[in-house]
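Residue numbers (our numbering): 124 to 358.
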């Protein structure tokens, strides 16, 4: 029997992640979030297929405006995927989303990350620090000579420390790369550095056939090593 890595347990709405909780399955809506009817229909279909947690993209103001009804009517916990606009993270918390994902390469102002952490703590909402090879800061790439596992992990941990500095620890982490071998090494490295639950995935995995193959190698290898608390396959 595989012995899983011991991690802190957090709760994404009603779904526990990490600790002794079962490995949860996540997906992401392909609809425009602002079209809340289509988004809720897709969420219902995903839930019926066994999805435990769903993520929705929040790139625009009209997507933000749809979050309250989506969070209220969804039958599974909703995570808001935030890029660049720190105010959208605060709006997602206000809307009742059960989790948010921030990319450490996109929200540059440390004080805004700290503000997000304080607001999430006040509401008991977890944050995923989602680092990936495609959005590393230029100085991190220069320091490590490219989007290496060391670069991805360092950027993720820098963001984690910003949250820890304001007392926020309801964190899960992802360190994704489109190459499954680099992704595997990144997760091995961060698993040795902290006890936060890890969200497994291969970013920009490609076409369905190619994506399934790459995700099977990356996610499957790590799960066999006892690393990983929640998964999403990107196709």
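C-beta atoms are modelled at their ideal positions from N, C-alpha and C, and glycine is treated no differently. Computed from a predicted structure; not experimentally measured.
Local Cβ density within 10 Å of residue 226, reported as buried at 16 or more and exposed below that:
Start at 1 with the first residue of the chain shown, and residue 226 comes out as number 103. Label assigned to residue 226: buried.
On the three-state DSSP scale, how would you describe residue 224?
One-based indexing of the chain shown puts residue 224 at position 101. Of the three classes helix, strand and coil, the one that applies to residue 224 here is strand, per DSSP.
Within 7 Å: the Cβ of residue 311 and any heavy atom of the ligand NAP?
In the structure on display, the ligand NAP does not appear, and there are no ligands present to speak of.
By alpha-carbon positions, which one of 131, 223, 246 and 183 ends up nearest to residue 202?
Reading the chain shown from its first residue, position 79 is the one you call residue 202. Its Cα nearest to that of residue 202, the residue 223 stands out among 131, 223, 246 and 183.
Going by beta-carbon coordinates alone, are residue 228 and residue 260 separated by less than 8 Å?
Counting from one through the chain shown, the residue named residue 228 turns up at place 105. Counting from one through the chain shown, the residue named residue 260 turns up at place 137. If you check the CB distance, residue 228 and residue 260 come in under 8 Å.
Which two residues bound the contiguous alpha helix (DSSP H) that contains residue 166?
Taking the first residue of the chain shown as 1, we reach residue 166 at position 43. Segment 159–171, the alpha helix (DSSP H) holding residue 166.
Determine contact between the stretch 307–322 and the stretch 257–277, defined as no fewer than three beta-carbon pairs at a distance below 8 Å.
The stretch 307–322 vs the stretch 257–277: in contact.
Pull up the CB-CB distance for residue 156 and residue 181, whole angstroms please, since I reckon it's below 8 Å.
As a first step, residue 156 must be located in the chain shown, where it is residue number 33. As a first step, residue 181 must be located in the chain shown, where it is residue number 58. Between residue 181 and residue 156 the Cβ distance is about 6 Å, and since that is below 8 Å, they are a contact.
Inspect the CB distances between the stretch 163–175 and the stretch 183–190 and report whether three or more fall short of 8 Å.
By the Cβ criterion, the stretch 163–175 is not in contact with the stretch 183–190, since fewer than three pairs of Cβ atoms, one from each stretch, lie closer than 8 Å.
On the CB-based measure, 16 or more other CB atoms within 10 Å of its CB, does residue 162 come out buried or exposed?
Here residue 162 is taken as the residue at index 39 of the chain shown, counted from 1. Residue 162 is buried by the Cβ-count criterion.
Taking 8 Å as the threshold, find out whether the stretch 129–142 comes into contact with the stretch 284–302 through three or more Cβ pairs.
Taking 8 Å as the limit for Cβ pairs, the verdict is that the stretch 284–302 does touch the stretch 129–142.
In this structure, does DSSP put residue 338 in helix, strand or coil?
Reading the chain shown from its first residue, position 215 is the one you call residue 338. In the structure shown, residue 338 falls within a helical segment according to DSSP collapsed to helix, strand and coil.
Candidates 288, 252 and 183: closest to residue 299 by CA position
By 1-based counting over the chain shown, the position of residue 299 is 176. Taking only the C-alpha atoms, the option nearest residue 299 is 252.
Assuming contact is defined by CB atoms lying nearer than 8 Å, are residue 304 and residue 351 in contact in what I supplied?
To locate residue 304, count along the chain shown from 1; it is residue 181. To locate residue 351, count along the chain shown from 1; it is residue 228. Against a cut-off of 8 Å, the Cβ pair of residue 351 and residue 304 comes out as no contact.
Between 197, 199, 230 and 198, which has its C-alpha nearest residue 213's C-alpha?
Counting from 1 along the chain shown, the entry for residue 213 is found at position 90. Comparing alpha-carbon positions, the option among 197, 199, 230 and 198 lying closest to residue 213 turns out to be 230.
Can you tell me whether DSSP reads residue 306 as helix, strand or coil?
What you label residue 306 is simply residue 183 of the chain shown in a count that begins at 1. In this structure, residue 306 counts as helix in the three-state DSSP scheme.
Along the chain, where does the beta strand (DSSP E) that runs through residue 276 open and close?
Walking along the chain shown from the start, residue 276 turns up at place 153. Per DSSP, residue 276 belongs to no beta strand (DSSP E); it is in the alpha helix (DSSP H), 272–287.
Since residue 354 and residue 146 are thought to touch, with beta carbons under 8 Å apart, how far apart are those beta carbons, to the nearest angstrom?
As a working note, residue 354 is residue 231 in the chain shown. As a working note, residue 146 is residue 23 in the chain shown. With a Cβ gap of about 6 Å, residue 354 and residue 146 count as contacting.
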